[in-house]
Amino acid sequence: MDIMHIGLVAALCAMTALIANMSAAVFHDGIRPILPQLFEGNMTRRDAGSVAFGLSIGFVASVGISFTLSTGLLNPWLLFLPTDILGVMIGSRVLAALAGGLWGILVVTSLAGVNAVLTGLPIDALGALGELGTPVMSAFALFPLLAIFYQFGWKSGAIASVVILASRLMIIKHTGIYPESIQIFVGMMMLVFFAIRKDLGDRKEGIQAPDMSGLHSIFDERTKRIVKHLPFLAVTGALIAAVSNAGIFAGSEVSIYSLADALKITDPEAHDAAMKQVALSEFMRGLGFIPLIATTALATGVYGVVGMTFVFVVGYLSPNIAVAATLGAVTICIEVYLLRGIGRFLEQFPSIRNASDNIRNSMNTLMEFALLIGGVLAVMKMGSTTGFTIFAMLFYLNEIMGRPILKIAAPAVAAILTGVILNILHVVGLFAI
Amino acid sequence: MKKIAIAGLQREQIKQQIEDTMPNTFECHILTDMDAAMKVKAGEMDYFVGCCNTGAGGALAMAIAIIGYGQSCTIAKPSIQAKQDEVQQFIDKGCIAFGLSIEHIEHAVPMLSKLLAAK
Numbered sequence: 001m002d003i004m005h006i007g008l009v010a011a012l013c014a015m016t017a018l019i020a021n022m023s024a025a026v027f028h029d030g031i032r033p034i035l036p037q038l039f040e041g042n043m044t045r046r047d048a049g050s051v052a053f054g055l056s057i058g059f060v061a062s063v064g065i066s067f068t069l070s071t072g073l074l075n076p077w078l079l080f081l082p083t084d085i086l087g088v089m090i091g092s093r094v095l096a097a098l099a100g101g102l103w104g105i106l107v108v109t110s111l112a113g114v115n116a117v118l119t120g121l122p123i124d125a126l127g128a129l130g131e132l133g134t135p136v137m138s139a140f141a142l143f144p145l146l147a148i149f150y151q152f153g154w155k156s157g158a159i160a161s162v163v164i165l166a167s168r169l170m171i172i173k174h175t176g177i178y179p180e181s182i183q184i185f186v187g188m189m190m191l192v193f194f195a196i197r198k199d200l201g202d203r204k205e206g207i208q209a210p211d212m213s214g215l216h217s218i219f220d221e222r223t224k225r226i227v228k229h230l231p232f233l234a235v236t237g238a239l240i241a242a243v244s245n246a247g248i249f250a251g252s253e254v255s256i257y258s259l260a261d262a263l264k265i266t267d268p269e270a271h272d273a274a275m276k277q278v279a280l281s282e283f284m285r286g287l288g289f290i291p292l293i294a295t296t297a298l299a300t301g302v303y304g305v306v307g308m309t310f311v312f313v314v315g316y317l318s319p320n321i322a323v324a325a326t327l328g329a330v331t332i333c334i335e336v337y338l339l340r341g342i343g344r345f346l347e348q349f350p351s352i353r354n355a356s357d358n359i360r361n362s363m364n365t366l367m368e369f370a371l372l373i374g375g376v377l378a379v380m381k382m383g384s385t386t387g388f389t390i391f392a393m394l395f396y397l398n399e400i401m402g403r404p405i406l407k408i409a410a411p412a413v414a415a416i417l418t419g420v421i422l423n424i425l426h427v428v429g430l431f432a433i
Numbered sequence: 001m002k003k004i005a006i007a008g009l010q011r012e013q014i015k016q017q018i019e020d021t022m023p024n025t026f027e028c029h030i031l032t033d034m035d036a037a038m039k040v041k042a043g044e045m046d047y048f049v050g051c052c053n054t055g056a057g058g059a060l061a062m063a064i065a066i067i068g069y070g071q072s073c074t075i076a077k078p079s080i081q082a083k084q085d086e087v088q089q090f091i092d093k094g095c096i097a098f099g100l101s102i103e104h105i106e107h108a109v110p111m112l113s114k115l116l117a118a119k
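Chains as they are written, first to last, in this note's numbering: chain A, 1 to 433; chain B, 1 to 119.
Following this line, the structure appears as structure tokens:
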């Protein structure tokens, strides 16, 4: 990690802490609805800060740390949840920004140290952790199918399964491109087709979209608040696109493992194709999250630090950091400009909002599934069935204890701990390589 | 029969859990969060149950904006399971919108349904 990277991350974290302090934007969607209580004066910074801490700590400790340890890439949970807490809790703007910047520096510098320690272990845990991401891409590509299952039942799902499998086989047989991109495209087309068919059916039966006009004045007022903060949001967007472009940061659970793999590829053409695939997955995830982020923004007047997550896509695809930063700022401006329109659109088409819930559901379910299998692959590589035994013990320990580690992070945490335990067992002579 | 509006993630599973725990007690409706919050606000439905990854963001944003912060609460969040006394306190305080995170559905929803039924 060179000095420029440290500077970029420090500037980014200072910015995110500052905009959290201004109640302009936070990363944690759960903190956004609370902030109006803060800026309208019904809640103290101390109370809001402790709520923010309670909501975030599980994500930082499990998702944030484990994803970064297993890939070497920074992630938003690790960087931005703590800056949310710092920004919300600290009263002074300057101090909040300083604390955020310090957090960024601390993370980057300690990551290098922890990586050095993990690499030096007798049993290579770090290399094996790369296996975590193996099933991610193929599993993620099935999210439209799972959404069809959820929303339209098993018959539509079965038809969609056959079509998606056929398109996969055809792509592999006749072209050299990633079959996953086409699978996602075909799946989304079918999801939209089934949704429109259902909507038209509803309209024929005279079922109308519910009337939301009572909310328009509050939506307009909240939108004005976000537009007022736009310069700050745009600068943050520019910095996020820049770190995504620098190859030190991944935007989400969907992209982090495949991005780590893509960055390792040395052949420029293969690297390019892999980056496009990563960007496409992130883009699709972004589409699924638009309704959530837009409606939360309209209801609270607080934007998301990463916006609608398209700044990541821009960062992955840009040729250099300067272009990435410029496009990142533009992306956030466009998103905010479109916000009110997206809100109106979603009111008129409730089925799209429904589909978005099912899509997020499917993505989450598939990521949990893929990372569990990835975790098994990783520990099998580290210590074959002994590794698996320890992994399964840790995994079910977490289940029985009421999931103190989030389900999506449990496999990564269990795999890291398995690596540590195997090394200890090896050192004391109980486990041979 | 009290009506529950269910919004957010894993709505079918939440509905199933409510109906399995307390058969023939509640009328459950699967809705979008805007619609659900509007119906509860208007008094057409009695309770709002929302689920998302955090138990507070996607799950409750609309409920807080429309029904009100004072009547909304998060009963289970990442890493922290729902606690019976706490949920009871929320209900006694007059909360009618409940948010929970996705991994605690099996634990929190039966608890919430029992407490709401006993009310």
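Glycine included, C-beta positions come from ideal geometry on N, C-alpha and C.
These numbers were taken from a predicted model, which means no experiment stands behind them.
Asked, Found
"CB contact check: Met363 of chain A to chain B, cutoff 8 Å", "no"
"Separation of Ile66 of chain B from Phe345 of chain A, as counted between CA atoms", "19 Å"
"Proximal residues of chain A, C-beta to C-beta of Glu103 of chain B below 8 Å", "Arg403, Leu406 and Lys407"
"Ser156 of chain A versus His174 of chain A: straight-line alpha-carbon distance, rounded", "27 Å"
"Among B:Gln10, B:Thr74 and B:Asp35, the one whose alpha carbon lies nearest that of Phe90 of chain B", "B:Thr74"
"Contact set between Asp220 of chain A and chain B, taken where Cβ atoms lie within less than 9 Å", "Those do not exist, as Asp220 of chain A stays about 13 Å from chain B at its closest Cβ, beyond 9 Å."
"Chain-order list of residues whose beta-carbon lies under 8 Å from that of His107 of chain B (same chain, five-residue window excluded)", "Ala76, Gln81 and Ala82"
"Cβ-based neighbour list, Val60 of chain A, same chain, cut-off 8 Å, excluding 5 preceding and 5 following", "Trp77, Leu78, Leu81 and Pro82"
"Pairwise C-alpha distance: Ala378 of chain A and Pro135 of chain A", "11 Å"
"Proximal residues, the region 281 to 308 of chain A versus chain B, C-beta separation under 7 Å", "Leu292, Thr295, Thr296, Ala299 and Thr300"
"Selected residue, minimal CA-CA separation from Glu253 of chain A, among A:Leu98, A:Pro179, A:Leu371 and A:Phe185", "A:Leu371"
"Chain-ordered residues of the region 37 to 69 of chain A with a beta carbon less than 9 Å from chain B", "Gln37, Asn42, Met43, Val51, Gly54, Leu55, Ser56, Ile57, Gly58, Phe59, Ala61, Ser62 and Val63"
"Phe232 of chain A and Ile19 of chain A closer than 8 Å at C-beta", "yes"
"Cβ contact check for the region 176 to 193 of chain A and the region 207 to 222 of chain A: 3 or more pairs under 8 Å", "no"
"Proximal residues to Cys95 of chain B (C-beta, below 7 Å), its chain only, five neighbours per side dropped", "Gln71, Ser72 and Cys73"
"Classification of Asn348 of chain A by the beta-carbon crowding that lies within 10 angstroms, buried from 16 upward", "The displayed chain sequence assigns Gln, not Asn, to residue 348 of chain A. Gln348 of chain A comes out exposed."
"Paired residues, beta bridge with Ser101 of chain B - DSSP", "B:Cys52"
"Bounding residues of the beta strand (DSSP E) (the contiguous stretch that carries Lys2 of chain B)", "Lys2 to Gly8"
"Per-residue DSSP class, three states only, for Tyr47 of chain B", "strand"
"Phe249 of chain A - partner residues in DSSP beta bridges", "A:Leu74"
"Buried or exposed (CB count within 10 angstroms, at least 16 for buried), Ile207 of chain A", "exposed"
"Beta-carbon neighbours of Pro210 of chain A, restricted to chain B and to distances below 9 Å", "Leu31, Thr32, Met34, Asp35, Met38 and Lys39"
"Chain-ordered residues of the region 93 to 117 of chain B with a beta carbon less than 9 Å from chain A", "Gly99, Ser101, Ile102, Glu103, His104 and His107"
"The region 376 to 390 of chain A contacting the region 31 to 51 of chain B, beta-carbon criterion three pairs below 8 Å", "no"
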